[in-house]
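Chain order of the listed sequences is A and B. If you're matching positions, the first sequence starts at 1 in UniProt numbering and goes up one per residue. If you're matching positions, the second sequence starts at 1 in UniProt numbering and goes up one per residue. Below: one structure, written as structure tokens.
Number of protein chains: 2
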Amino acid sequence: MVTLVEIDSPDDPRLADYRDLRDVELRKSLEAAEGLFLAEGEKVVRRATEAGFAPRSFLMAPRWLDGLADVLAASEAPCYVVSEALAEQVTGFHVHRGALASLARRPLPTVESVLSGARSILMLEDIVDHTNVGAIFRCAAGLGFDAVLLAPRCADPLYRRSIKVAMGTVFSVPWTRLPDWYDALPTLESAGFTTVALTLSADSTDIEEAVRGLDKVALVLGSEGHGLSEHWERAASRRAIIPMHAGIDSLNVAAATAVACYVTSRR
Amino acid sequence: MVTLVEIDSPDDPRLADYRDLRDVELRKSLEAAEGLFLAEGEKVVRRATEAGFAPRSFLMAPRWLDGLADVLAASEAPCYVVSEALAEQVTGFHVHRGALASLARRPLPTVESVLSGARSILMLEDIVDHTNVGAIFRCAAGLGFDAVLLAPRCADPLYRRSIKVAMGTVFSVPWTRLPDWYDALPTLESAGFTTVALTLSADSTDIEEAVRGLDKVALVLGSEGHGLSEHWERAASRRAIIPMHAGIDSLNVAAATAVACYVTSRR
Chain A
1 MVTLVEIDSP DDPRLADYRD LRDVELRKSL EAAEGLFLAE GEKVVRRATE AGFAPRSFLM
61 APRWLDGLAD VLAASEAPCY VVSEALAEQV TGFHVHRGAL ASLARRPLPT VESVLSGARS
121 ILMLEDIVDH TNVGAIFRCA AGLGFDAVLL APRCADPLYR RSIKVAMGTV FSVPWTRLPD
181 WYDALPTLES AGFTTVALTL SADSTDIEEA VRGLDKVALV LGSEGHGLSE HWERAASRRA
241 IIPMHAGIDS LNVAAATAVA CYVTSRR
Chain B
1 MVTLVEIDSP DDPRLADYRD LRDVELRKSL EAAEGLFLAE GEKVVRRATE AGFAPRSFLM
61 APRWLDGLAD VLAASEAPCY VVSEALAEQV TGFHVHRGAL ASLARRPLPT VESVLSGARS
121 ILMLEDIVDH TNVGAIFRCA AGLGFDAVLL APRCADPLYR RSIKVAMGTV FSVPWTRLPD
181 WYDALPTLES AGFTTVALTL SADSTDIEEA VRGLDKVALV LGSEGHGLSE HWERAASRRA
241 IIPMHAGIDS LNVAAATAVA CYVTSRR
């Protein structure tokens, strides 16, 4: 059973997990150092706890308590009850979705365990925008992809903005970081996946052709700015494009991922 | 030939078009009142002028002058040359793409002229997020859609953020506002388009089935939050979904648009 704790000072040290949510750099280092992440909004907080993440604490204004009553009842973590003005003062923005929770990160699973039983996966190289990472997870979940593997420099799926755009699917789609960028694609090939890089290369074929009839597929996606590294592009066993209308060379990475996942899911 | 004008005071009234670019509400009213829009970055500024929009002025630090020399040479508008610090002070952010231009809006074309010769179009109801509007235009352009029609409350394609996310495709894809929300869909049907609403309705069919073999198609898309109004949903002659994996009900609107445009472009 949760303990409700009313707090009326913005300087209360128990609010440390919730400070300055708009300061991306500060949050990144604080969340890594403390091993926490933040969930925002009733639906997302619920999904995080349902996925088995352990709450460190909750923070909300009184009017949000009822909506999460069952989640709070099932938790041992404290719930800090604050005014909306104080929540805004601490977090640095108007928390219009109401409830926040700070949850403990878990150790990342091994690549092997994430791939176990998977038939369609995404490999993200250096996608640095949290919105894009979130949108890609939502596509993966909606279009039946089984797992997501992230290169070391890819943005964090458990960052608040990623979680929100992903509608919490970062909790349900298995994912991990690739410990080894250099040999990532050969590792996937050894595990029986055909690696298909989405890239504007001279030998790229239509994505429908590239995935047709394949069993296990890893779609390989590069960064928003300069696309895939040459190393990953050449290491992939196939290169594919989404055919574009004259004069336009590409879609944004989330839109391209949606189309590529859709096509691959119907291979 | 452009006139280069060095400006060193942030209060110079000639910089009025460029003030407070991060204040969305202020910008919306200023840009509507003055009949202007802003383009940001060499590529986008170039595309705007190539599309025939008349510059009111340019604003840039000296190091960006060379890259746009040809555009500036072809223009009669003044180019305000400022330090990067002054640009930041006036606009309210670090202009890392360098060049800005203020351009004159043009009267919106009629619906009839936008539809002339079109075979695949998008109708956006109340998509209020500039990023989504921009991403949708980029999809439309890349996947060969001929025009975009916007309901009265849809976000502005010429807002700086929309233009940027669209990579300037808002200048090349014909678009206009629907003057009449209520009868918009019957108007399209009268013009020979089958209206296909993307929506989770009891009678929605798979998008591939819904568009198969159709000649002129209008894909109808609703807002990010609550989807289509019931009026537009029922006014459409067909309702369609992108089949989703168990437990996930939808993609975000830009991803869904990408998939729907892709499928429709191959009907």
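From the three backbone atoms N, C-alpha and C, an ideal C-beta is built for every residue, glycine too. For clarity, every value in this text was computed on a predicted model and none was experimentally measured.
Residue i versus residue j: straight-line alpha-carbon distance, rounded
i                     : j              : result
A32 (chain B)         : G192 (chain B) : 33 Å
E50 (chain B)         : G41 (chain A)  : 45 Å
V218 (chain A)        : A255 (chain B) : According to the sequence shown, residue 218 (chain A) is Ala rather than Val. Distance between the alpha carbons of A218 (chain A) and A255 (chain B): 20 Å.
A141 (chain B)        : A74 (chain B)  : 27 Å
S223 (chain B)        : S190 (chain A) : 44 Å
G101 (chain B)        : P55 (chain B)  : At residue 101 (chain B) the sequence reads Ala, which differs from the Gly that was named. Distance between the alpha carbons of A101 (chain B) and P55 (chain B): 7 Å.
D257 (chain A)        : V220 (chain A) : Sequence inspection shows Thr at residue 257 (chain A); the Asp mentioned does not correspond to that position. Approximately 10 Å, taken between the alpha carbons.
Y18 (chain B)         : Y159 (chain B) : 13 Å
H94 (chain A)         : M60 (chain A)  : 12 Å
residue 269 (chain A) : G52 (chain A)  : Outside the displayed range of chain A (1 to 267) lies residue 269 (chain A), so it cannot be described from this structure.
D70 (chain A)         : G134 (chain B) : 40 Å
V44 (chain A)         : L108 (chain A) : 20 Å
H96 (chain B)         : V111 (chain B) : 37 Å
residue 268 (chain B) : F58 (chain B)  : This structure cannot settle anything about residue 268 (chain B), because the visible part of chain B is limited to 1 through 267.
L36 (chain A)         : D20 (chain B)  : 35 Å
S120 (chain A)        : L68 (chain B)  : 45 Å
T176 (chain A)        : V114 (chain A) : 7 Å
A197 (chain B)        : P10 (chain B)  : 49 Å
residue 336 (chain B) : G213 (chain B) : Because chain B here runs from 1 to 267, residue 336 (chain B) falls outside it and cannot be looked at.
S237 (chain A)        : D203 (chain B) : 42 Å
A16 (chain A)         : D66 (chain A)  : 24 Å
R63 (chain A)         : G225 (chain B) : 22 Å
G144 (chain B)        : M244 (chain A) : 7 Å
Q89 (chain A)         : T3 (chain A)   : 23 Å
With 16 other Cβ atoms within 10 Å as the buried cut-off, status of residue i
i                     : result
L228 (chain A)        : buried
D126 (chain B)        : buried
V130 (chain A)        : This sequence places His at residue 130 (chain A); Val is not what is there. Label assigned to H130 (chain A): buried.
T91 (chain A)         : buried
E6 (chain B)          : exposed
E209 (chain B)        : exposed
G168 (chain B)        : buried
S265 (chain A)        : buried
P152 (chain B)        : exposed
A155 (chain A)        : buried
residue 271 (chain B) : As shown, chain B starts at 1 and ends at 267. That puts residue 271 (chain B) outside it, with no answer to give.
residue 352 (chain A) : Because chain A in this structure spans residues 1 to 267, residue 352 (chain A) falls outside the shown range and cannot be described.
Y80 (chain B)         : buried
M1 (chain B)          : exposed
P13 (chain A)         : exposed
G98 (chain A)         : buried
A166 (chain A)        : buried
P157 (chain A)        : buried
Neighbour list for residue i in chain A, Cβ cutoff strictly below 7 Å
i              : result
L143 (chain B) : H245
L251 (chain B) : R138, C139, G142, A258
M254 (chain B) : The identity of residue 254 (chain B) in the sequence shown is Ala, whereas the question assumes Met. Correct list: A254, A255.
Span of the alpha helix (DSSP H), counted from its first residue to its last, around residue i
i              : result
I163 (chain B) : 160 to 165
E230 (chain B) : 230 to 235
T187 (chain A) : 184 to 190
S265 (chain B) : 253 to 265
E6 (chain B)   : Taken as a continuous stretch (DSSP letters only), E6 (chain B) belongs to no alpha helix (DSSP H), being part of the beta strand (DSSP E) at 3 to 6.
T131 (chain B) : 130 to 142
A155 (chain B) : First-last for A155 (chain B): undefined, no H or E at that position.
Interface residues of chain A facing residue i [CB-CB closer than 8 Å]
i              : result
T169 (chain B) : I248
Residue i - containing beta strand (DSSP E), residue span
i              : result
T110 (chain B) : Per DSSP, T110 (chain B) belongs to no beta strand (DSSP E) and is neither H nor E.
A218 (chain B) : 217 to 221
I127 (chain B) : No beta strand (DSSP E) holds I127 (chain B); DSSP gives it neither H nor E.
A99 (chain A)  : Run containing A99 (chain A): none; DSSP gives neither H nor E here.
V211 (chain B) : It is not in any beta strand (DSSP E) - V211 (chain B) instead sits in the alpha helix (DSSP H) that spans 207 to 211.
T15 (chain B)  : Position check: residue 15 (chain B) holds Leu in this sequence, whereas Thr was assumed. From DSSP, L15 (chain B) is part of no beta strand (DSSP E); its letter is neither H nor E.
I241 (chain B) : 238 to 241
R177 (chain A) : 175 to 177
L200 (chain A) : First-last for L200 (chain A): undefined, no H or E at that position.
E148 (chain A) : Sequence check: residue 148 (chain A) is Val here, not Glu. Unbroken beta strand (DSSP E) run through V148 (chain A): 147 to 150.
Residue i CB to nearest heavy atom of the ligand COA below 6 Å
i              : result
E230 (chain A) : Looking at this structure, you won't find the ligand COA or any other ligand, since it has none at all.
Chain B contact residues for residue i, given Cβ-Cβ distances below 9 Å
i              : result
A147 (chain A) : Simply none; closest approach about 13 Å.
Partners in chain A for residue i, counting only beta-carbon separations shorter than 9 Å
i              : result
A135 (chain B) : L251, N252, A254, A255
is_contact[residue i, chain E] using C-beta, thresh 7 Å
i              : result
Y262 (chain A) : Looking at the structure shown, chain E is missing, and the protein chains on hand are A and B.
Where in the UniProt domain "MRM3-like substrate binding" (33 to 91) of chain A do unbroken runs of the alpha helix (DSSP H), each at least 4 residues long, occur, reported from the N-terminal end onward? For the alpha helix (DSSP H) assignment, the uninterrupted runs of no fewer than 4 residues enclosed by the UniProt domain "MRM3-like substrate binding" (33 to 91) of chain A are, from N- to C-terminal side, 42 to 50, 69 to 73, 84 to 91.
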